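Residues 4 to 534 in the working numbering are what the sequence shown spells out, letter by letter.
Here is the structure we will look at.
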Amino acid sequence: MAATAPQVLAIDLGTSALKAALVAADGTVTGWAERSLPLRVLPGGGAEQDPAHWWAALGAVAADLGRAHPDQMRAVATVCASTQGEGTIAVDAAGEPLTPCISWLDMRGAPHLRRQFRGFPAYQGMSVRRIARWLRLTGGMPSPTGKDPAAHMLFVRDELPQVYARTAAFLNVLDWINLRLTGRTVATVDSILTSWVTDNRRPGDIRYSPALVADCGIDADKLPPIVACTEVLGPLTPAAAAHLGLPESVQVVAGAIDTTAAAIGAGTTGDRQAHLYLGTSSWIAAHVPGKKTDVVAGIASVPCAIGDRYLMTALQATAGANLTWLRDKVVEYDDPLLGAGHVSRDEGSIFDAFDMIIPTVPPGANGVLYTPWLYGERAPVDDAHLRAGFLNISLDTSRSDLLRAVFEGVALNTRWLAAAVDRFLGAPVTSLAITGGGALSDSWCQIFADVLGVQIRRDAQPLAVNARGAGWIGAVGAGRLDFADIPDLMRTDRVFAPTPEHRATYDEVFAVYRDLHQRLAPVYRRLNRPR
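Pasting the structure below:
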């Protein structure tokens, strides 16, 4: 009997669930376990999670994998994580959390950001001089919405001064997981990005910028050392080894945040090979050889797992979240829509049910349009005031029309984003890998192909993309794989081609969609301005 190949215990810590898988260097994913995670939404734009829930969930999924796949679990030689990004946790000198994780959805730091970086002339409340320096050194700038660590840390400093005084380090989600695994306090080149304090002009030498650190308003000693995503941090601590049911000799590779890991897990490691990730949020991303920023569209190429490359990422704030809202707020527990598919309410089965309904509605959803801005938008416009809405509903409108309009609305927003991506890459994307939970829907994949007018190649295991990415980053860090090998290892299960007869319909609908944004943006600013 052949020996089991060395395995990576790949952690995928998202907003809604913690998942883990056993991944071999060839990309084979053996075993899968997950636990759901709560998100606490607070008045005034707050959103938090408890890191203790993450750690408990990690122990539970590791135990599940050990019971279901004992041979592969015994072959684990490496642990590597992919996590949600833009979260912030203050820890004390012993590494204990002083705050919940301030989520990437949290906007409470926005006014503190504007106070810290104000000046004249200003853009979106921040000094143009400072913005120019951020763009030159980092490739981006803090989001004026407050949804990143630059603002989160200032919120803690100003609103929780006693916590700030006790803070030994501010950690992103990935950094906290690595601290619990190894006892080391570090940040990776991608997890530190949205603190906006690094000089990113040389991809192999990402370092703190003394000028940006001095200006950020946070004590320099509260910022952790920076390491590469493929760096071996060391072995598991005894406590972590016991928690995971693994030997203390197992090594931990630093890993990456979700956008970085998905770009590896999607198999798009070559230059300008693009993929579309469809999860709670979504993004189009591609590795590129140089640092570049599109200020207007909010797209930049930033440090990533591949040491001599950057990752262009164009982020859409809510994608699959629109379907979660649809499932939880429109489709009830005893809904016959679910019965139509003879399925339960998990993520895969809801797509089975929707896929029975959506093909019964023609492209264009019988005139109904949906704007998918449930929580504002990041790109191609950065506007926290935008909100979702159905338009052009009549007495003839059915719920099936509304369902298709939601799927089309996310795709229309992605088409808007894709035009900016094409400009950034210097050539149109004609074939796009699609991955993430939303790719489970055949109907949605076809809608994306038709709305974008490009070939859509579906990942054979789209739910595993972040875990597979973490597995491959771990394998590279352990010396078992090169990033250049990955495209040949990627598996596609279906290719969706654009339907030519739908082109004119979606061209017209997209023109209306763009017009709606221009007309509605001022209305949303009035409706959603701070009170």
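Beta carbons are placed, not taken as given, at the ideal position from N, Cα and C, and that holds for glycine.
Predicted model, so just to flag it, every value in this text is computed and none were measured.
Supposed contact pair residue j and residue i - C-beta distance, whole angstroms, cut 8 Å
{"i": "G270", "j": "M493", "result": "3 Å"}
{"i": "I267", "j": "A308", "result": "6 Å"}
{"i": "L215", "j": "W199", "result": "7 Å"}
{"i": "G367", "j": "V512", "result": "5 Å"}
{"i": "V11", "j": "T81", "result": "5 Å"}
{"i": "G88", "j": "I260", "result": "4 Å"}
{"i": "E411", "j": "Y373", "result": "7 Å"}
{"i": "A356", "j": "M315", "result": "Not quite, the Cβ-Cβ distance comes to about 35 Å (not below 8 Å), so this is no contact."}
{"i": "V32", "j": "R471", "result": "6 Å"}
{"i": "G112", "j": "G149", "result": "4 Å"}
{"i": "I134", "j": "E51", "result": "Going by Cβ atoms, the distance from I134 to E51 rounds to 29 Å, so no, they are not a contact pair."}
{"i": "V413", "j": "P365", "result": "Between P365 and V413 the Cβ distance is about 18 Å, and since that is not below 8 Å, they are no contact."}
Assigned exposure category for residue i - 16 Cβ within 10 Å defines buried
{"i": "R461", "result": "buried"}
{"i": "D224", "result": "exposed"}
{"i": "F535", "result": "Absent from the model: residue 535. The displayed extent of the chain is 4 to 534, so no value can be given."}
{"i": "L530", "result": "exposed"}
{"i": "R517", "result": "exposed"}
{"i": "K332", "result": "exposed"}
{"i": "F123", "result": "exposed"}
{"i": "Q449", "result": "buried"}
{"i": "L466", "result": "buried"}
{"i": "G237", "result": "exposed"}
{"i": "T417", "result": "buried"}
{"i": "R348", "result": "Low per-residue confidence applies at R348: pLDDT is 40, beneath 50, and the placement is therefore not dependable, though the value from the model is reported in the following sentence. Exposed, since its Cβ has fewer than 16 Cβ neighbours within 10 Å."}
{"i": "V291", "result": "buried"}
{"i": "S252", "result": "exposed"}
{"i": "I476", "result": "buried"}
{"i": "D485", "result": "exposed"}
{"i": "G351", "result": "Note on G351: pLDDT 48, under 50, position unreliable in the model; the coordinate value appears next. Exposed, by the Cβ-count rule."}
{"i": "A3", "result": "The structure shown has nothing for residue 3, since the chain only spans 4 to 534."}
{"i": "L398", "result": "exposed"}
{"i": "R312", "result": "buried"}
Residue i - partner residues in DSSP beta bridges
{"i": "V126", "result": "In the sequence as displayed, the identity of residue 126 is Tyr instead of Val. Answer is M129, bridged to Y126."}
{"i": "I14", "result": "A23, A84"}
{"i": "E380", "result": "D386"}
{"i": "A430", "result": "DSSP, once it has assigned bridges, lists no residue as partnering A430."}
{"i": "T327", "result": "T327 is not bridged to any residue."}
{"i": "I287", "result": "L279, A317"}
{"i": "L239", "result": "For L239, which the question treats as bridged, DSSP gives no partner whatsoever."}
{"i": "C448", "result": "DSSP, once it has assigned bridges, lists no residue as partnering C448."}
{"i": "F499", "result": "I459"}
{"i": "G49", "result": "L45"}
{"i": "A97", "result": "The partner list for A97 (beta bridge, DSSP) is empty, contrary to what the question assumes."}
{"i": "G367", "result": "Beta-bridge pairing links G367 to no other residue."}
{"i": "P306", "result": "Y313"}
{"i": "V256", "result": "C83, V235"}
{"i": "Y373", "result": "F393"}
Short Cβ contact (7 Å threshold) for residue i with residue j
{"i": "V94", "j": "L184", "result": "no"}
{"i": "A324", "j": "T283", "result": "yes"}
{"i": "G49", "j": "D109", "result": "yes"}
{"i": "A8", "j": "G474", "result": "no"}
{"i": "S285", "j": "K294", "result": "no"}
{"i": "D453", "j": "P503", "result": "no"}
{"i": "L318", "j": "A423", "result": "no"}
{"i": "Y527", "j": "L389", "result": "yes"}
{"i": "L247", "j": "A55", "result": "no"}
{"i": "G34", "j": "A59", "result": "no"}
{"i": "R402", "j": "I361", "result": "no"}
{"i": "A36", "j": "D74", "result": "no"}
{"i": "L519", "j": "V409", "result": "no"}
{"i": "A20", "j": "L40", "result": "yes"}
{"i": "I180", "j": "A265", "result": "no"}
{"i": "L455", "j": "A421", "result": "yes"}
{"i": "A197", "j": "A172", "result": "As written in the sequence, residue 197 is Thr, which differs from the Ala given in the question. No, the pair does not count as a contact, with Cβ atoms beyond the cut-off."}
{"i": "D491", "j": "A463", "result": "no"}
{"i": "L138", "j": "R275", "result": "no"}
{"i": "L435", "j": "V457", "result": "yes"}
{"i": "G191", "j": "A257", "result": "The displayed chain sequence assigns Thr, not Gly, to residue 191. In contact: T191 and A257 (Cβ atoms closer than 7 Å)."}
{"i": "P114", "j": "Q127", "result": "no"}
Test: residue i CB closer than 7 Å to a CB of chain C
{"i": "V94", "result": "Of the protein chains in this structure there is only one, and it is not chain C."}
Should the stretch 279 to 294 be regarded as contacting the stretch 437 to 445, the criterion being three or more beta carbon pairs within less than 8 Å? yes
Is there contact here, the stretch 224 to 242 with the stretch 480 to 488, by at least three beta-carbon pairs under 8 Å? With a cut-off of 8 Å on Cβ pairs, the stretch 224 to 242 is in contact with the stretch 480 to 488, counting three or more such pairs.
Assess, as a yes-or-no matter, whether the stretch 109 to 121 is touched by the stretch 297 to 306 under the definition of 3 or more beta carbon pairs within less than 8 Å. no
Please confirm if the stretch 145 to 159 is in contact with the stretch 205 to 213, defined as three or more CB-CB distances below 8 Å between the two stretches. no
Counting Cβ pairs closer than 8 Å, one from the stretch 92 to 107 and one from the stretch 24 to 33, do we hit at least three? no
The stretch 157 to 165 in contact with the stretch 100 to 114 per 3-pair CB rule at 8 Å: yes
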